[in-house]
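In this note's numbering, the protein residues as written are 291 to 497. Idealized CB from N, CA, C, for every residue including glycine. Please read the structure below before turning to the comments.
Written as structure tokens, this is what we have:
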């Protein structure tokens with residue numbers, strides 16, 4: 291709407307323009323009505339009314355405006371589709387990373403449990419006795435639980451770090467896309483302003 295405010299200000303500054311209260315909203319509405327009217331107007335009836343020359347010049351300007359506007363809408367739609375595809379890609383990568391991290395966490399827990407139950411290989415009996423002693427000894431049991439807790443925390447911290455990095459990348463992509471969109475919109479609005487000014491000047495000259 292900032293761009294339309296600039297258009298409204300430029301049009302209102304013309305000496306030949308005498309409509310009070312011409313603001314951004316009215317400029318946008320007027321532009322939309324001009325394009326819609328141009329697209330549905332019957333050329334033959336306009337020529338038959340005796341204003342063929344004026345209509346031809348105005349029609350040419352509106353043709354250019356319509357073409358530029360349609361091109362901008364198409365590019366805007368394509369940019370939106372690109373952003374959505376990129377967001378889906380980042381989300382897919384994030385889901386894969388999270389799944390792999392959680393699977394790794396599950397495997398780590400299973401390995402710790404198997405080692406605690408069987409002791410693994412020839413040391414099974416000794417480790418089983420050690421585990422029983424740990425259960426009997428409250429202090430040793432607390433140390434073992436602390437170790438498991440720290441391992442789980444490390445895994446969860448790794449998952450959080452990956453998720454944070456994903457969100458950071460996504461925010462940067464969105465910020466860059468927003469910057470590009472704003473630059474593109476500013477360029478398009480400048481073009482619209484110039485074309486509208488040319489159209490207004492041409493219409494005033496033809497009166």
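Three or more Cβ pairs closer than 8 angstroms define a contact, and the region 377-385 meets that threshold against the region 455-471. Here residue 482 is buried. Its C-beta has 16 or more other C-beta atoms within 10 Å.
Residue 313 sits in coil when the DSSP states are folded into three classes, being neither helix nor strand. Residue 465 counts as exposed, since fewer than 16 other C-beta atoms from the protein chains shown sit within 10 angstroms of its C-beta. Residue environment for residue 317: buried (at least 16 other C-beta atoms within 10 angstroms of its C-beta). Counting C-beta pairs with one atom in each stretch, the region 349-358 and the region 315-330 have three or more that are closer than 8 angstroms, which means they touch. In the three-state DSSP reduction, residue 304 falls in the coil class, being neither helix nor strand. Contact between residue 485 and residue 354 holds, with the beta-carbon distance rounding to 6 angstroms and staying under 8 angstroms.
Looking only at 371, 369, 362, 298, the smallest Cα-Cα distance to residue 314 is reached by 298. For the set 306, 393, 320, 308, the Cα lying nearest the Cα of residue 294 is the one of 320. Rounded to the nearest whole angstrom, the CA to CA distance from residue 368 to residue 323 is 25 angstroms. Take the alpha-carbon of residue 440 and the one of residue 375: they are about 38 angstroms apart.
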